[in-house]
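Below you'll find the structure, written out as structure tokens, and then a few comments.
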Amino acid sequence: MTTVLITGFDPFGGEKVNPAFESVKLLPSAIVGARIVKLEVPTAYARSAAVLEEAIERERPDAVICVGQAGGRSALTVERVAINLAEASIPDNDGDQPVDRPLREDGDAAYFASVPVKAMIRGIRDHGLPAFVSYTAGTFVCNAIMYNLLYLIDHRFPGVKGGFIHVPYEPGQVVGKPNGTPSMPLATIAKGLEAAVEAAVKDISDGGAGSGGIKSGDPAGAMGEIH
């Protein structure tokens, strides 16, 4: 049976909730026949990598999809690339606030997602929800866990597919924030995540046949503010 490990972060930056793991918790235990393993990870550079590595070792998944909050984005954004840089404008949950620090001294400058990014976006859109490619996961812990995931796949777990999805605030988080700050209900986020996972599982079953591009002219890219 195909196994997909899906992670979401705990709250950070003064927020009381994190829509990443709250939406992950709403996912079913199986999606198109694949076993879904859900894992909360700390919003901390070092500990998130350690928790993730332990989970991959334990579960031996076929794919890992990490989920994080991107306050200010109005759609689900599937990340294309993670960079070997830790630089934080706020401390992580362990008080670490790196500046201009590599995540892995022996890692590549960047790694590309190995999940079918564009097929996942098509899957989300086919369910009537907004989704875009993002070409920057920032330099905070979201980028860090994506980079560490792809580093671990490259060095320890060949054959595993890996990727990352950013999700918007949930409505309760925008109370008191500037007018116009976007949000999305948790159930809607979860619906989008389920569609993305479905596309990833089908791609595994098809041996990678489902990872083709979005139609020419489709505004799939240009998402991704630094955070």
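Each residue of the sequence shown is one higher than the one before, starting from 7 at the first, in my numbering. All C-beta atoms, glycine included, are put in the ideal place defined by N, C-alpha and C.
Buried or exposed, going by whether 16 or more other CB atoms sit within 10 Å of the CB of VAL10? Counting of Cβ neighbours within 10 angstroms places VAL10 among the buried residues, the total reaching 16 or more.
With ILE71 as the anchor, note down where its beta strand (DSSP E) starts and where it stops. Unbroken beta strand (DSSP E) run through ILE71: 69-75.
Under 8 Å, do VAL173 and VAL23 count as touching if we go by C-beta distance? Not closer than 8 Å, so no.
Measure the alpha-carbon distance for GLU28 versus TYR157 and round it to whole angstroms. C-alpha of GLU28 to C-alpha of TYR157: approximately 26 Å in a straight line.
CA-to-CA distance, GLY186 to TYR117, given in whole angstroms: Spanning the two alpha carbons is a distance of roughly 34 Å.
CA-to-CA distance, ALA115 to ALA150, given in whole angstroms: If I take the Cα positions, the gap works out to 12 Å.
Terminal residues of the beta strand (DSSP E) in which GLY169 lies: Counting along the chain, the beta strand (DSSP E) containing GLY169 begins and ends at 167-173.
Determine the DSSP secondary structure at TYR117, reduced to helix, strand or coil. DSSP places TYR117 in strand when its eight states are reduced to three.
Does the segment 128-140 come into contact with the segment 92-111, if we say contact requires no fewer than three beta-carbon pairs (one atom in each stretch) closer than 8 Å? The segment 128-140 vs the segment 92-111: no contact.
In terms of residues, what are the limits of the alpha helix (DSSP H) holding PHE163? Following the DSSP letters along the chain, one finds PHE163 in no alpha helix (DSSP H), marked with neither H nor E.
Considering only residues of the same chain and omitting the five flanking positions on each side of PRO48, which have a CB-CB separation below 7 Å? So the qualifying residues of the chain are ASP16, SER54, VAL57 and ASN99.
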